[in-house]
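Heads up, the sequence shown is in my numbering, so the first residue is 1 and it goes up one at a time. A quick write-up on the structure given underneath.
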Amino acid sequence: MPIFRLDDNRIEFPDPRLAEEDGLLAVGGDLRMERLLLAYSNGIFPWYNEGEPVLWWAPRERFIIRPGEVHISHSMRKFFKKHEIAIKLNRDFADTMHRCRTKREDKEGTWITDDMEKAYGELARNGFALSVESYVDGNLAGGLYGVSLGRCFFGESMFSDMENGSKIALILFSRVLYDNDYVMIDCQFETEHLKSMGGVTISFEEYRKLLDEGLGG
1 MPIFRLDDNR
11 IEFPDPRLAE
21 EDGLLAVGGD
31 LRMERLLLAY
41 SNGIFPWYNE
51 GEPVLWWAPR
61 ERFIIRPGEV
71 HISHSMRKFF
81 KKHEIAIKLN
91 RDFADTMHRC
101 RTKREDKEGT
111 WITDDMEKAY
121 GELARNGFAL
131 SVESYVDGNL
141 AGGLYGVSLG
151 RCFFGESMFS
161 DMENGSKIAL
171 ILFSRVLYDN
181 DYVMIDCQFE
191 TEHLKSMGGV
201 TISFEEYRKL
211 LDEGLGG
């Protein structure tokens, strides 16, 4: 089946269940806020390299963390006891997103393009995206950012400037989400790091039920 090509002038997506085996659903379009909101509310997200058309994905299996089920290792518990730990929300969304970009560029490359920084910055200014920054003994240690719709948080990327920086952000932020009845943290693809923290793989059907619940459908 040929990949669905989006019309720049129409805000629409094909049924996410029509995605290819690798999760690729559509190509083209842009990152305007209305398109991004429609995408995330249907379990679709953009992921592509600089200089490529925008690629839209809806994997048949989804990797999520339930906010009340984040695993905290014994070593992390000891770390928490030894240090003063805190997080802030939206300290500086643009800075946190850019730190995520540069950390990845320095290692394995990144999908966080200039256009993505602009687009997600607009989401943040309109209350649809947020950043989380962690602090260890008063110093910025790490952070993460993502899209927040209803009671669903769609994690996009993380960074650490100090030991355990991104883990602290995720652990403490998950408590905030749990206290506010969020149903999931969508991590998109499985990683060993997030799996060790309680991430699980679910079918798209189960994911869709959580998404509908979180968005009030």
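Where a beta carbon is used, it is the ideal one built from N, C-alpha and C, also for glycine. Remember, predicted model here, so these are calculated numbers, not experimental data.
So, for Thr-96: in the same chain, excluding its five sequence neighbours on each side, which residues have a beta-carbon less than 7 Å away from its beta-carbon?
Ser-131, Glu-133, Gly-143, Tyr-145
Compare the Cα-Cα distances from Asp-181 to each of Met-162, Cys-187, Leu-210 and report the closest residue.
Leu-210
Touching by the beta-carbon criterion (3+ pairs, under 8 Å), the stretch 190-201 and the stretch 50-66
yes
From Met-162 to Leu-140, what does the alpha carbon distance come to, in whole angstroms?
The alpha-carbon separation between Met-162 and Leu-140 amounts to approximately 8 Å.
Near Lys-12, what residues of its chain come up, given a Cβ to Cβ distance below 8 Å and the 5 sequence neighbours on each side ignored?
The sequence given here places Glu at residue 12; Lys does not occur at that position. Contacts found: Leu-6, Leu-38.
Helix, strand or coil for Ala-58, going by three-state DSSP, please let me know.
coil
Quickly, what does DSSP pair Glu-133 with across the bridge? List them, please.
Lys-88, Gly-143
Do Val-136 and His-83 have their beta-carbon atoms positioned less than 8 Å apart in this structure?
yes
Buried versus exposed call for Gly-216 [16 or more other C-beta atoms within 10 Å across all chains shown]
exposed
According to DSSP, simplified to helix, strand and coil, what is Thr-201?
strand
Have a look at the DSSP bridge pairing and note the partners of Gly-28.
Leu-6
Kindly confirm or deny that the stretch 40-59 and the stretch 18-26 touch, where touching means at least three C-beta pairs closer than 8 Å.
yes
Less than 8 Å between the CB atoms is what I'm expecting for Arg-151 and Val-200, so what's the real figure, rounded?
Not quite, the Cβ-Cβ distance comes to about 18 Å (not below 8 Å), so this is no contact.
Would you kindly check if the distance between the Cβ of Glu-122 and the Cβ of His-98 is under 8 Å?
Pairing His-98 with Glu-122 gives a Cβ-Cβ distance that is not under 8 Å.
Identify, in the order they occur along the chain, each residue of the same chain with its Cβ nearer than 6 Å to the Cβ of Asp-186, setting aside the five sequence neighbours on each side.
Ile-64, Phe-154
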